[in-house]
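For the sequence shown, position 139 matches number 154 in this note's numbering, and the numbering has no gaps at all. We put the CB at the ideal spot given by N, CA and C, even for glycine.
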Amino acid sequence: MRTPGLPHIPRLNYEKNSYLCIGKSNLNAKVRYIGSKRLLVDFIGEAIAAHAPDVRSVSDVFAGSGVVSGYLLNNGYDTISNDILYFSYVLSRGTHGIHGKPRFEKLGIKDPVEYLNNLKAEDSPFSPTEFFITNNYSPSDTCSRMYFQPKNAVKIDIIRLTIEQWKRRDLINDDEYYYLLAALLHAIPYVANITGVYAAYLKHWDKRTYNDLTLTHHSIIEEERNCTCYNQDYRDIIQLPADMLYADPPYNERDYSPNYHILETIARYDYPQISGVTGLRPYSEIKSPFCSKRTVTEAFENLISGANARHIMISYNNESLLPSATLEELCRAYAAEDSFKLLTRPYRRYKNKIPNNSVGLEEELFLFVKK
16 MRTPGLPHIP RLNYEKNSYL CIGKSNLNAK VRYIGSKRLL VDFIGEAIAA HAPDVRSVSD
76 VFAGSGVVSG YLLNNGYDTI SNDILYFSYV LSRGTHGIHG KPRFEKLGIK DPVEYLNNLK
136 AEDSPFSPTE FFITNNYSPS DTCSRMYFQP KNAVKIDIIR LTIEQWKRRD LINDDEYYYL
196 LAALLHAIPY VANITGVYAA YLKHWDKRTY NDLTLTHHSI IEEERNCTCY NQDYRDIIQL
256 PADMLYADPP YNERDYSPNY HILETIARYD YPQISGVTGL RPYSEIKSPF CSKRTVTEAF
316 ENLISGANAR HIMISYNNES LLPSATLEEL CRAYAAEDSF KLLTRPYRRY KNKIPNNSVG
376 LEEELFLFVK K
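Structure representation (structure tokens):
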């Protein structure tokens, strides 16, 4: 990829860095994510406070959009936030993984988010052949996929390439890099032609796709509590010491990777070899053992036995791949005497934005002290 000169920097009429918000992280609560715990974080927090009051640090090994990690950090816990998907790592690293507010002093742009929003295709120093999203996920003479309107696909490419160019030129540090990438990922769902996930696109243009892609600033947490973010296999992260291991693995046979392949590609921007009607990136090497009936029991046993934590909390539900009774039996085998608790809360199932209030769906927390 060539590295042409930076485009002209527009003049902005407000104080440098006046846009930065320090406080409770709110970005990832808005990211649509399968199995998101956005509506259940209070349930999780109350369970920890009531049944594991000595816990000061929590390792969230399937962090997803980072909602639970952010909630725990906001409530005074040191956290480890991990996910094998890179876009999930970016969401966490670019919000509650930032240590100190980004200042962008070396870049010399008063508001990089506003600057990125104002980039125009005609001013771009990049070649159209470099526009991976435009060339593969927006309709043209050579592409039939309808994930993005052409105007937004081009904007995604230009913004992503610009952020990467700034990083390569050492104009932004790691915190600033991930802050901007998280802002870009957060903006994608508001212009994507999907029903909720990216496994398929709509065959007609949803009204949201006509909006202009717009990055916004998100708040970060600048407190003494620490959040360390990882992009690794959970089997490596469970070995790290923490007071509590919190695990929210996949619940069924639908692996997360194909459902978020577009976000993963935008985050990595690695020009993958894609295939199929929807342009899937390869993901065979990161398929989850929790998504197969053949391997799910062993996966849970390895998770629990390998955890370097006194307290274990597992989020699951009563319609998951592994029956609740089987998971309870497994947890009890590793639980100290009289420490096991199963906490439940009714939960609504959502499908294509339409709530399904079928009786019986419950979120379950398996909580125990490891013997």
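- The C-beta separation of residue 250 from residue 294 comes to about 30 Å, leaving the pair out of contact by the 8 Å criterion.
- The beta-bridge partner set that DSSP reports for residue 383 consists of 327.
- When DSSP assignments are scanned along the stretch 286–329, the uninterrupted stretches of alpha helix (DSSP H) that are 4 or more residues long and fall wholly within it turn out to be 311–321.
- The C-beta distance from residue 343 to residue 357 rounds to 6 Å, short enough to meet the 8 Å contact threshold.
- Annotation: residue 253 is outside any beta strand (DSSP E) and is labelled neither H nor E by DSSP.
- With respect to the C-alpha of residue 113, the residue from 319, 192, 352 having the closest C-alpha is 192.
- In terms of Cα proximity to residue 180, the closest of 156, 157, 139, 219 is 139.
- Look at residue 92 here: in three-state DSSP terms it is coil, with no helix or strand label.
- Between residue 206 and residue 227, the CB-CB gap stays under 9 Å.
- Annotated as proximal: residue 258 and residue 72, with beta-carbon spacing under 9 Å.
- Contact annotation: the stretch 309–316 does not touch the stretch 239–248, with fewer than three C-beta pairs closer than 8 Å.
- Between the stretch 164–183 and the stretch 80–96 there are fewer than three inter-stretch CB-CB distances shorter than 8 Å, so the stretches are not counted as touching.
- Between the alpha carbons of residue 287 and residue 220 lies a gap of roughly 26 Å.
- With a cut-off of 8 Å on Cβ pairs, the stretch 206–218 is not in contact with the stretch 118–128, counting fewer than three such pairs.
- Look at the beta carbons and you see the stretch 259–266 touching the stretch 319–337: at least three pairs across the two are nearer than 8 Å.
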